[in-house]
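Taken in sequence, the protein lines are chains A and B.
Numbering of the first sequence is given in our numbering, commencing with residue 121 and proceeding in unit increments.
Numbering of the second sequence is given in our numbering, commencing with residue 121 and proceeding in unit increments.
Note that CB positions come from ideal geometry on N, CA and C, so glycine has one too.
Number of protein chains: 2
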Amino acid sequence: MAEQEKEAALPSKENFSEWYNDILQKGEIMDVRYPVKGLYVWYPFGFNLRRNVYDLIRQLLDENHQETMFPLLIPENEFMKEAEHIKGFEDEVYWVTHGGMSPLDVKLALRPTSETAIYPMYKLWVRSHADLPLRLYQIVNTFRYETKHTRPLIRLREITSFKEAHTVHATWDDAAAQVDEAIRLYTEFYRKLAIPVLASKRPDWDKFPGADYTIATDALMPDGRTLQVGTAHHLGDNFAKTFDIQYEDAEGEQVYAHQTCYGISERSVAALISIHGDDKGLMMPPEVAPVQVAIIPIIFKKAEDVLQACEKVKEELEAAGIRVKLDASDNRPGAKYYKWEMKGVPVRLELGPRDLKKNAAMLVRRDTGEKQQVPLDNIKEEVLSLFSAIQDNLYKTAEQGLEKRIIKCESVPEIKKNLASGIAKVFWCGDKECGLKLEDEVGAGILGIPSSEDKCQGKCVVCDGDADTMVYVARTY
Amino acid sequence: MAEQEKEAALPSKENFSEWYNDILQKGEIMDVRYPVKGLYVWYPFGFNLRRNVYDLIRQLLDENHQETMFPLLIPENEFMKEAEHIKGFEDEVYWVTHGGMSPLDVKLALRPTSETAIYPMYKLWVRSHADLPLRLYQIVNTFRYETKHTRPLIRLREITSFKEAHTVHATWDDAAAQVDEAIRLYTEFYRKLAIPVLASKRPDWDKFPGADYTIATDALMPDGRTLQVGTAHHLGDNFAKTFDIQYEDAEGEQVYAHQTCYGISERSVAALISIHGDDKGLMMPPEVAPVQVAIIPIIFKKAEDVLQACEKVKEELEAAGIRVKLDASDNRPGAKYYKWEMKGVPVRLELGPRDLKKNAAMLVRRDTGEKQQVPLDNIKEEVLSLFSAIQDNLYKTAEQGLEKRIIKCESVPEIKKNLASGIAKVFWCGDKECGLKLEDEVGAGILGIPSSEDKCQGKCVVCDGDADTMVYVARTY
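1. Is E210/A helix, strand or coil when you go by DSSP?
2. Please classify T267/B as buried or exposed, where buried requires at least 16 neighbouring CB atoms within 10 angstroms.
3. T188/A and Y257/A: beta carbons closer than 9 Å?
4. Just grab the DSSP bridge partners of E470/A for me.
5. Within the same chain, show all residues whose beta-carbon is closer than 8 Å to that of V173/B, passing over the 5 residues directly before and after it, in chain order.
6. If you draw a straight line from the alpha carbon of A290/B to that of K361/B, how long is it in whole angstroms?
7. With a CB to CB cut of under 7 Å and the five nearest residues on each side skipped, what residues in its chain are close to E284/A?
8. Counting Cβ pairs, one atom from each stretch, are 3 or more of them under 8 Å apart for the region 503 to 517 of chain A and the region 453 to 470 of chain A?
9. Take every Cβ of the region 523 to 534 of chain B, pair it with every Cβ of the region 494 to 508 of chain B, and state whether three or more of those distances are shorter than 8 Å.
10. Using a beta-carbon distance cut-off of less than 8 Å, what residues from the region 454 to 487 of chain B approach chain A?
11. Looking at chain B, is there any beta carbon in it that lies within less than 9 Å of the beta carbon of T589/A?
12. Around the Cβ of I303/A, are there at least 16 other Cβ atoms within 10 angstroms (buried) or fewer (exposed)?
13. Using the beta-carbon count (16 or more within 10 Å), is F420/A buried or exposed?
14. Report yes or no: is there a C-beta of chain A within less than 9 Å of the C-beta of W162/B?
15. Which value, in whole angstroms, describes the spacing of the CA atoms of K537/B and G220/A?
16. Who pairs with A295/A in a beta bridge, going by DSSP?
17. Quick one: which chain A residues come within Cβ less than 8 Å of D211/B?
18. Starting from the N-terminal side, write out each stretch of the beta strand (DSSP E) that is 3 residues or longer and does not extend beyond the region 136 to 222 of chain A.
19. If we call anything under 9 Å between Cβ atoms a contact, is A339/B one with L318/B?
20. Taking just the CA atoms, how far does S281/B sit from F271/A?
21. What's the call for H269/A, buried or exposed, on a 16-neighbour Cβ count within 10 Å?
22. Tell me whether the region 546 to 563 of chain B and the region 575 to 587 of chain B touch, counting them as touching only if at least three CB pairs, one residue from each stretch, are closer than 8 Å.
23. Name the chain B residues that come within less than 9 Å of F599/A, Cβ to Cβ?
24. Give the single residue among G521/A, T589/A, D475/A and L169/A whose Cα lies nearest to the Cα of T346/A.
25. Quick one: which chain B residues come within Cβ less than 8 Å of E187/A?
26. Name, please, each residue of chain B whose Cβ falls closer than 8 Å to the Cβ of Y265/A.
27. Quick one: Cα of A129/B to Cα of L276/B, how far?
28. Going by C-alpha to C-alpha distance, which of I569/B, D450/B, Q298/B and A440/B sits closest to L181/B?
29. How many Å lie between M121/A and P405/B at the Cα?
30. Determine the direct distance from the alpha carbon of E368/B to that of D326/B, and round the result to whole angstroms.
31. Threshold first: 3 residues or longer. Then list the beta strand (DSSP E) segments lying entirely within the region 275 to 353 of chain A, N to C.
32. Once DSSP output is grouped into helix, strand and coil, what is the label at S394/A?
33. DSSP state of I442/A, grouped into three classes?
34. Flag A237/B as yes if its beta-carbon sits less than 9 Å from any beta-carbon of chain A, otherwise no.
35. Considering Cα atoms alone, identify which of E424/A, T488/A, S394/A and I566/A is closest to S132/A.
36. Using a Cβ-Cβ cutoff of less than 8 Å, which residues in the same chain neighbour L471/A once the five nearest sequence positions on both sides are dropped?
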């Protein structure tokens, strides 16, 4: 599609916002030209990446969740049942008011999230303690009427790929354990995308509307802002009471159930693109790359031999389940390198007459640029071992980038200084007033208390009172 | 979930409508209790079937199509561009008029189908003949404000699983060839679901709004009505002119492109359930069955041995990619048989102490009820060969059922008589007036001219004029 548009170079990643918008188009991830604000189109290449990413999350969840699907449209009366919940969403809900030419009797909300669509059914499905735990998920489109600046994959009016899980448990503690399990699953998921995430318990004023508490995972973006890329909510029995979800316990008593929900969206793809990409384009972790190996025949005279050898390598790699593209187009090798680098293909395989004479091929890593000649007889093993090295290197690089940008700070000016490049870690007494004051003074948000951190003693950066925990502070998307 | 509800027997399939509603609930396909008319909930088991069915269609399309995703919301001005198209849909469109508390500047339609969402982008994507053919598809939810009687999987207000392909070609003939290819793909897809379909060219008054012509595939339901389970539309250059989709041909001229679109919905699942099921419940073609083998341990005293052997069989089958459920619950074998028959599991494997002594297991076919004892050493091959026999038998049975219910008729009374059980095949002169009169008199629809049929000579059943083709007439869903 319109090759000529893609020849211009990317802006440097130092200008992150510009680079991001540009790479979505040049890397053929999203087209931003759809004629409604906040709605975007997945290019086939981008959607292929999305498929691989969501296959991963399905794989992880399928071990003890089941996939399902609930309607998009929620009748106003159900949607309005949970007071906190509706307060949190009412400004953002799209309303369907007409079918054909006629006004509807009951207005229908486009789900901003599906609690109020799912829980009336859970009331019917949950009867006895033997039905618990119930763990379902769906991958659906959800809608938010965002008034802030929208941004592809990050802040959308149609979230096209919302994976939301909804679980039901006998006790509050079971639900709490499920929240921890969700965060573990999400961390593992992001590990496969080579993205290190920080898990932290959101302050009370930033939890999910209707929840007892929220734990979120954040990724650190190149511009020093954090992107919330996963949330898990302990719903207590709040929704169970609203939607009358009760079960009969072992003693025959009717008891309110306890619930959790947790979600991931296409922000996972945004983080992947942003964290790994460079000035040459996308850089894909092999596990999810739509094309894992691009074979470039280096052709002078004896084209047939070389093309045949390339074809043979392609077949051999494909037989091992590797996603391969043989670029036999008329473009010059340099143009091909440019193209497949832009697309983030982890390994380029060059094969010319001289390689063929040695029964070898040249493998080039997208992440480091390193080249090595390897024997064709061993090509599958060599490629797979490179994949694993690349995956490790991407994660390690991202992890180092994250670690060095988390700075312990002891004063407001120090926080402000460090927020330019990353995350501040500070003592906070836990008091809401101090928290809000801190957010206001540094112009950033408290992400929350790190999930896996030992207690420690210090003085609140705001009031100088005793604090027994540190929190992350960051500029957030 | 609520086991007790499922113990009551199904109504006989002779009362098809009752049987259908009941099996959706008892077989845990769809829950019809969602509080909005025409919207239903996929049970996890039903969604698992849906996943397998849609994986099949993805597999078929991925050979030369690419998957993508466009927004749900279409701005009114784009939606209103193609006059015929909007006429066909305006009574059925849901409109979003409010975001949060505020009215929107431009009303947004929930896509009833995506031509008007996709083609403004195709205008940007198609530049030169080298970009053609372009073949994309998406699997999305679409919406129709149905005023007729709604029915799960068949007539919905939210079609949850609309697979729509949209292709662009250089010439009218290329597009026509793509329509034929789509029908070939759909026939192959339904072959894998063991469903024979009839392809026919819809009469002009029944084509897709905005198309040159429509070819559809229909399945014959147990009550003698046909269900349209796939359509392919030749759009000519109608939409290309409306949305200005032009390409530069080899001579450097700007030329309007030619387009097709073709769709399949969860009606594919409705047909599968309806055609194969029986009075005992669902009957799944092995290829898409969520559970392909249910292992039932027959336990008296030496339970451990038997359970271990069952576990071993399960592992061996799973290693071969077979979807297995080992039912080690406390229920009696009879209750287990009932349950897994209801769920349509193609093969039941019984294993008790006597079988174990012979190093054998009993395999029971869901379709014929036949039992055979087979050696455990060969279990994988035995099961796979049964799958293939079952798949063939389901198709053969359905095909015979279809063929014997297509009756050539020579008069209106004869047509009316035969429509009770199936499809009438009659001569029609092709004149619209005759066609509409025929539909009116027999209280049924002309499906259209069979796609793969030789010309033949006869007299129009309405006007007695010359007719060189026969058409299908049927009561339709």
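Working from what's here:
1. helix
2. exposed
3. yes
4. I416/A and M482/A
5. L313, S388, V389, L392 and V408
6. 14 Å
7. T233, S234, Y257, Q258, C381 and G383
8. yes
9. no
10. none
11. no
12. buried
13. exposed
14. yes
15. 37 Å
16. Bridge partners of A295/A: none, in fact.
17. G220 and M221
18. 193 to 195 and 214 to 219
19. yes
20. Phe is not the amino acid found at residue 271/A; the sequence shown has Arg there. Rounded to the nearest angstrom, the two C-alpha atoms are 27 Å apart.
21. exposed
22. yes
23. In this structure chain A extends from 121 to 597, so residue 599/A is not present and cannot be described.
24. G521/A
25. P164, F167, N168 and R171
26. G219 and G220
27. 27 Å
28. Q298/B
29. Note that M121/A has pLDDT 45, beneath the 50 cutoff, so the model's placement of it is unreliable and the number below is only indicative. Roughly 40 Å between the two C-alpha positions.
30. 34 Å
31. 278 to 289, 318 to 321 and 333 to 340
32. helix
33. coil
34. yes
35. S394/A
36. I415, I416, P417, I418, V426, A429, C430, V433, A481 and M482
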